[in-house]
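The structure appears right after this line, and notes come after that.
Numbering (the working numbering), first residue to last: 51 to 166.
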């Protein structure tokens, strides 16, 4: 009896899974957004940027060297940024980030300003 229950469950699982129709591809995202911009002082201390439209402002303590910051950037699904998250940047002046949507049709340029 146990064998039949297991066999029944396996058959049920095999036929219950939906397969995408052949020839259909999922639509790629058109979003090209920076969702979060974060600068870490250490593992547990970080500073999040305030995002307004395409301008991001981050305030950090005076002790952090603005010339060697590697920010963590969270993007909308499938989007890419140039420069990418974690790339060391000199924030002595405004730094621009170009974000491209997953479908490559939409780009946004963000300006990041770091103050202390």
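The beta-carbon is built from N, C-alpha and C at its ideal position, and this holds for glycine as well.
All values derive from a computational prediction rather than experimental measurement.
(1) Is it true that the CB of residue 158 sits closer than 7 Å to the CB of residue 19?
(2) Would you list the one or two residues that DSSP bridges to residue 107?
(3) With DSSP collapsed to three states, give me the class of residue 119.
(4) First and last residue of the beta strand (DSSP E) that includes residue 146?
(5) Going straight from the alpha carbon of residue 152 to that of residue 92, what length do you get?
(6) Need the endpoints of the beta strand (DSSP E) that residue 84 sits in, please.
(7) From this set, 78, 113 and 72, which residue's C-alpha is nearest residue 169's C-alpha?
(8) Note the first and the last residue of the continuous beta strand (DSSP E) segment covering residue 75.
(9) Which of helix, strand or coil does DSSP assign to residue 131?
(10) Using the DSSP secondary-structure output, state which residues sit across from residue 93 in a beta bridge.
Put simply:
(1) Beyond the ends of the chain as shown, which are 51 and 166, falls residue 19; an answer cannot be given.
(2) 100 and 163
(3) strand
(4) 145–150
(5) 31 Å
(6) 84–90
(7) Residue 169 is absent from the model: the chain starts at 51 and stops at 166.
(8) For residue 75, no beta strand (DSSP E) run applies, since DSSP gives it neither H nor E.
(9) strand
(10) For residue 93, which the question treats as bridged, DSSP gives no partner whatsoever.
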